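**Student:** So that we are looking at the same thing, I have put the structure below in C-alpha cells.
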Ligand SMILES: [Cu+2]
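What follows is the structure, encoded as C-alpha cells:
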C-alpha cells in the first residue's frame, strides 16, 4: 500500500513553474466525466486559478494558479466545497450529498453496478 501512496504523495509535493502559473496536482475523489465538468467549472470560478484539467482515469486534477492570489490550501478547500476529496482533505458532506449518484464513491451509490450514463 505504501508503495502506491508514497509516489502520489511526492507528485503532489512537486510544484513546477510554467507560463500558466504554478502547477499543482491534486488527487480527487472524482468518478467520471460529469465530475470533470463539475470540478473544472468550480476551478474556473476560483480566484487565482488560471486553468485546470482533470484526468478522469487517474483522478488527478492539475491546476495552474497564481501563487500571489491563492494557495494550494484554498484550492483544495474549493474542491471540497464542490463535493470531492482533495488529497487528504475530505469533501464537504453537504456538497457531497448533492452530487449525482454516479459521481459518488462506489460504496455510497444506490445502484452499485452503474457508473455515469452519458448520452
Ligand atoms: Cu461524476
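Residue numbers (the numbering used here): 53 to 171.
Every residue gets a Cβ at the ideal spot worked out from N, C-alpha and C, and that includes glycine.
All figures in this text were calculated on a predicted structure; none of them were measured in a lab.
Roughly how many angstroms lie between the CA atoms of residue 102 and residue 84, to the nearest whole one?
**Tutor:** So the two alpha carbons sit approximately 23 angstroms from each other.
**Student:** Between 139, 135, 86, which has its C-alpha nearest residue 76's C-alpha?
**Tutor:** For the residues 139, 135, 86, the minimum Cα distance to residue 76 belongs to 139.
**Student:** Please check the pair residue 91 and residue 81, which I expect to be a contact at CB under 8 angstroms, by giving their CB distance rounded to whole angstroms.
**Tutor:** Contact doesn't hold; Cβ gap of about 10 angstroms is too wide.
**Student:** Measure the beta-carbon distance from residue 156 to residue 111 and round it to whole angstroms, keeping in mind my assumption that it falls under 8 angstroms.
**Tutor:** Not confirmed; about 14 angstroms, so no contact.
**Student:** Where residue 161 and residue 104 are concerned, what is the direct C-alpha to C-alpha distance, given to the nearest angstrom?
**Tutor:** Approximately 27 angstroms between the Cα atoms of the pair.
**Student:** Once you ignore the five residues that flank residue 148 on each side, which residues in its own chain have a CB closer than 6 angstroms to its CB?
**Tutor:** Taken in chain order, the residues that qualify are 135.
**Student:** Excluding sequence positions up to five away, which residues of its chain have a Cβ less than 8 angstroms from the Cβ of residue 116?
**Tutor:** These residues qualify, in order along the chain: 70, 72, 73, 74, 75, 76, 101, 102, 103, 104.
**Student:** Could you pull out every residue in the same chain whose Cβ sits closer than 8 angstroms to the Cβ of residue 106, ignoring the five residues on either side in sequence?
**Tutor:** Excluding residues within five positions, the ones whose Cβ falls inside 8 angstroms are 80, 82, 87, 88, 91, 92, 112, 113, 114.
**Student:** In three-state DSSP terms, what is residue 96?
**Tutor:** Reduced to three states, the DSSP call for residue 96 is helix.
**Student:** What does a CB cutoff of less than 6 angstroms around residue 133 pick up in its chain, not counting 5 residues either side in sequence?
**Tutor:** Answer for residue 133: 144, 147, listed in chain order.
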